[in-house]
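**Student:**
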Ligand SMILES: [Zn+2]
């Protein structure tokens, strides 16, 4: 194999690696988009569940027999679960605020998210 041939093949490989690198970048972007979309769907699902629980009158056999103090606890628990779920998502690195809803947070805290969490945990 002559030197010119070797040089040509190296240049070819260099070009192929460049294309693979670009392809990898594109895939990475798509993965981030999918993860963010999935998180938005999880959040949406959680919100719909909460709405459903809030609207659905409690089943008679579950709460009717409970004294009033325990009835309140059952309702509190579902709200509490929702807040916990959001705070878990935030800890996993996602925005839960209305500004960047469901997107990856990257480094550092988001003031909007923290304000939202504080507000949600006080609302009862
Ligand atoms: Zn945020």
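In this note's numbering, the protein residues as written are 27 to 150. Every residue gets a Cβ at the ideal spot worked out from N, C-alpha and C, and that includes glycine. These numbers come from a predicted model, not from an experiment.
Quick one, are the C-beta atoms of residue 128 and residue 120 less than 8 Å apart?
**Tutor:** Counting from one through the chain shown, the residue named residue 128 turns up at place 102. Counting from one through the chain shown, the residue named residue 120 turns up at place 94. Yes. Within cutoff.
**Student:** Comparing the CB of residue 78 with every heavy atom of ligand 1, is any distance shorter than 7 Å?
**Tutor:** Along the chain shown, one-based indexing puts residue 78 at 52. Incorrect: residue 78 has no Cβ contact closer than 7 Å to ligand 1.
**Student:** When you measure from the CB of residue 121 to every non-hydrogen atom of ligand 1, does any distance come out below 7 Å?
**Tutor:** By one-based count along the chain shown, residue 121 stands at place 95. Yes, the Cβ of residue 121 comes within 7 Å of a heavy atom of ligand 1.
**Student:** Would you say residue 111 touches ligand 1, meaning its beta carbon is less than 7 Å from a heavy atom?
**Tutor:** The sequence position of residue 111 within the chain shown is 85, counting from 1. Incorrect: residue 111 has no Cβ contact closer than 7 Å to ligand 1.
**Student:** Any heavy atom of ligand 1 closer than 7 Å to the CB of residue 33?
**Tutor:** Within the chain shown, the letter at position 7 stands for residue 33. Incorrect: residue 33 has no Cβ contact closer than 7 Å to ligand 1.
**Student:** For the stretch 51–89, list the alpha helix (DSSP H) runs that are entirely contained and at least 4 residues long, ordered along the chain.
**Tutor:** The stretch 51–89 contains these whole alpha helix (DSSP H) runs: 86–89.
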